[in-house]
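In the numbering used here, the protein residues as written are 463 to 669. Even glycine gets a Cβ: it sits at the ideal position worked out from N, Cα and C. First up is the structure itself, then whatever we jot down about it.
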């Protein structure tokens, strides 16, 4: 976090947190809900100002319960998550993966697919979902390894037969580009169960 934010937290430690005013959509956009109505169907307004977005990106974190927030000076603004705490996309080089707040992703320890074909992953930063626009490109780089003793040379591209096996309950060892840091178990899971599996809360609430 920014030093000025940490200083404000120390100076004013008891500022009440707010809920329902900020959300993160499936595209990785920050949305402001001016009436605090994120859960009442209020669509929200995309935050377009680059300086504000960069400030939010730098001061985004989670508590021990897996509730994500933007630390706005001394005030904690909890974030409603449409999908996951991080939305991952392909960078301009079409190889690197970046989170919506510009963190490079270098490791994955779990892959999850839901019924809508959305790809979730557990990264070194936390739970993430791949932006839908990049699914077609990234899926061509996913390889199924033949067990823990497999090598990239023996891997096979992820195909419809593998997807069917996942849907039927199989757990496959899947790698991105054959890289060991990107090799992890993949399974199919109901979307509603993904937050508990990956350790985050989609709708934080005051205790």
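Considering Cα atoms alone, identify which of 534, 602 and 624 is closest to residue 649.
Your numbering for residue 649 matches position 187 in the chain shown. Residue 649 has its Cα closest to that of 624, out of 534, 602 and 624.
Assign residue 542 to one of three DSSP states: helix, strand, or coil.
Working through the chain shown from its first residue, we reach residue 542 at position 80. In the structure shown, residue 542 sits in a strand (DSSP, three-state: E or B).
Would you please state the rounded distance, in angstroms, between the beta carbons of residue 548 and residue 666? I believe it to be under 8 Å.
What you label residue 548 is simply residue 86 of the chain shown in a count that begins at 1. What you label residue 666 is simply residue 204 of the chain shown in a count that begins at 1. Actually they are not in contact, since the Cβ atoms of residue 548 and residue 666 sit about 16 Å apart, beyond 8 Å.
On the DSSP bridge list, what partners appear for residue 534?
Residue mapping note: residue 534 aligns to position 72 of the chain shown, counting from 1. Per DSSP, 537.
Would you check if the distance between the CB atom of residue 638 and the CB atom of residue 604 is smaller than 8 Å?
Position 176 of the chain shown, counted from the first residue, corresponds to residue 638. Position 142 of the chain shown, counted from the first residue, corresponds to residue 604. Yes, these two residues count as a Cβ contact at 8 Å.
Of the choices 529, 505, 536 and 484, whose alpha-carbon is the least far from that of residue 515?
As a first step, residue 515 is located in the chain shown; it is residue number 53 there, counting from the start. Among 529, 505, 536 and 484, the Cα nearest to that of residue 515 is on 484.
Does the distance from the CB of residue 635 to the CB of residue 628 come in under 8 Å?
Counting from 1 along the chain shown, the entry for residue 635 is found at position 173. Counting from 1 along the chain shown, the entry for residue 628 is found at position 166. Cβ atoms of residue 635 and residue 628: not closer than 8 Å.
Within 10 angstroms of the Cβ of residue 595, are there 16 or more other Cβ atoms? Answer buried if so, exposed if not.
Counting from 1 along the chain shown, the entry for residue 595 is found at position 133. Residue 595 is exposed by the Cβ-count criterion.
Which of helix, strand or coil does DSSP assign to residue 659?
Numbered from 1 along the chain shown, position 197 holds the residue referred to as residue 659. In this structure, residue 659 counts as helix in the three-state DSSP scheme.
Output the distance between the C-alpha atoms of residue 662 and residue 616, rounded to the nearest integer angstrom.
Here residue 662 is taken as the residue at index 200 of the chain shown, counted from 1. Here residue 616 is taken as the residue at index 154 of the chain shown, counted from 1. Those two C-alpha atoms are separated by around 35 Å.
To which residues of the same chain is residue 529 closer than 7 Å at the C-beta, ignoring the five residues directly before and after it?
Here residue 529 refers to the residue found at position 67 when the chain shown is read from its first residue. These residues qualify, in order along the chain: 540, 663 and 666.
Cα separation between residue 486 and residue 509?
Residue 486 sits at position 24 when you count from the first residue of the chain shown. Residue 509 sits at position 47 when you count from the first residue of the chain shown. Each residue's Cα considered, the two are about 10 Å apart.
What number of angstroms, rounded off, separates the C-alpha of residue 593 from the C-alpha of residue 586?
By 1-based counting over the chain shown, the position of residue 593 is 131. By 1-based counting over the chain shown, the position of residue 586 is 124. Each residue's Cα considered, the two are about 18 Å apart.
Buried or exposed: where does residue 466 fall if 16 or more other Cβ atoms within 10 Å of its Cβ makes it buried?
The residue labelled residue 466 in the question sits at position 4 within the chain shown. Result: exposed.
Sorted by chain position, which residues of the same chain lie with C-beta nearer than 6 Å to residue 646's C-beta, five sequence neighbours on each side aside?
Position 184 of the chain shown, counting from 1, holds the residue named residue 646. For residue 646, where only same-chain residues beyond five positions count, the Cβ hits under 6 Å are 570, 571, 572 and 573.
At the level of alpha carbons, what is the spacing between residue 618 and residue 608?
Reading the chain shown from its first residue, position 156 is the one you call residue 618. Reading the chain shown from its first residue, position 146 is the one you call residue 608. The alpha-carbon atoms of residue 618 and residue 608 are separated by roughly 8 Å.
Which residue marks the beginning of the beta strand (DSSP E) containing residue 591, and which one marks its end?
As a position in the chain shown, residue 591 is number 129, starting the count at 1. Where residue 591 is concerned, the enclosing beta strand (DSSP E) stretches over 589-592.
Residue ranges of each alpha helix (DSSP H) run of no fewer than 4 residues wholly in the stretch 615-644, ordered along the chain?
Correct list: 622-629.
Have a look at residue 531 and residue 600 and give me their C-alpha separation to the nearest angstrom.
Sequence index remark: in the chain shown, residue 531 carries index 69 (1-based). Sequence index remark: in the chain shown, residue 600 carries index 138 (1-based). The alpha-carbon atoms of residue 531 and residue 600 are separated by roughly 29 Å.
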